[in-house]
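Some notes on the structure that comes next.
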Amino acid sequence: MDTHLYMGIDQKRMNRFQYKQIIKWLIVFAIFFFLGKMVWKNWIQVKEASFSFRPIPLILSIFIFAFSYLIQVWAWYLITLKLEIALSIRETLESWFYSQLGKYLPGKVWLLLGRFYLYESKGKSKKLISTALYFEMATIIIAGGIIFVASLFLSQKTSYFFQGDQFSWFIFIFMIAFLFIHPRFLQKIINFFLFKFKGETITLSISYIDILLILIVCVLAWMVGGVGFYLFVNSIYSIPSRHFLFFTGALAVSSTLGLIAFFAPAGLGVREGAFVYLTGNLIPTPIAFVLSIATRLWMTLIEIGFIVGIYFYFRVKRK
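Residues 4 to 322 (this note's numbering) are what the sequence shown spells out, left to right.
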């Protein structure tokens, strides 16, 4: 009797999980369907677009964008170092790059759990690991926001974002964001919940100055990545150099939205849709969609190439 009851509960959970997965993929499919339909209706614009192939900018874009990943690893290492849970450089590189495979699974949780389990297996505090992951996510998102807002200030076509109440909302959001990365403020929130659930409280050894320095490193990562991204786009479709910062901001925002869209594996569909929307004032929408698809393939190949390279490099080095 009890066995049948438990089997029934497990079956309901499984069905609920399957329904959620179906809904997630339907949303992704719907985004691509509408974007694809738009391209189909405007196919003449795509056919007549001045696409080209420039190998040197393409090669440079790969190396420069790959370097931006190393800057992100540096930011992560600094966070763990200040929280006193750092591993060796080799282990940091391996854990960070291997965990990136988790972003290609729905839910994004595997992106974080991979590193969480590795650091926990090394005897590091679960609470501090979770805090480090939070700081990494928060600083990279805020850094992306800073880049995008800076690009808006330099873009005449998007100046309406800073008229009236919009500007006040931008200031308010950034004030809240900077508050929630303050270690003392975050420590009080964490300890409040730990006290409520009778857990052992923690003391964060990282300072606000440390966080702000890490934030600067994240801004640097976005800027370097933006250079690589601009070179890639320019290798297949000519974009005036004055739009470099705006394209960097568009990359930052679309990637961030893809990151926090938990229903989409690797932000599939979300990143493309956001990029098309943001760059619609600068290039024809169908061409923006084609570029967004090309960008996904380019970024994925760089990520996979880096992961494979890290794996074989350290495997050979161990022998």
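By construction, the Cβ of each residue, glycine as well, lies at the ideal position given by its N, Cα and C atoms. The model shown is predicted, which means the values in this text are computed figures rather than measured ones.
- If you ignore the 5 residues before and after Ala291, its C-beta comes within less than 6 Å of the C-beta of Val279 and Thr282, all in its own chain and listed in chain order.
- Around the beta-carbon of Thr204, fewer than 16 other beta-carbon atoms lie within 10 Å, marking it exposed.
- As the crow flies, the alpha-carbon of Leu114 is around 31 Å from that of Pro60.
- Contact between Glu139 and Ala78 holds: CB atoms are separated by about 7 Å, below the 8 Å threshold.
- Across the structure, Ser257 and Gly148 are spaced so that their CA atoms are roughly 10 Å apart.
- Distance from the CA atom of Ala153 to the CA atom of Arg318, rounded to whole angstroms, is 42 Å.
- Note on geometry: alpha-carbon atoms of Ile214 and Ile143 lie some 11 Å from one another.
- Judged by beta-carbon spacing, Leu73 lies beyond the 7 Å limit of Ala135, meaning their Cβ atoms are not closer than that value.
- In the assembly as shown, Thr95 is a buried residue. Its beta-carbon has 16 or more other beta-carbons within 10 Å.
- Exclusion of the five residues before and after Glu97 leaves Ile313 and Phe317 as the residues of its chain whose Cβ lies within less than 7 Å of its Cβ.
- Here Tyr233 is buried: its Cβ has 16 or more other Cβ atoms, across all protein chains shown, within 10 Å.
- With a threshold of 16 other beta carbon atoms within 10 Å, Met302 meets it and is buried.
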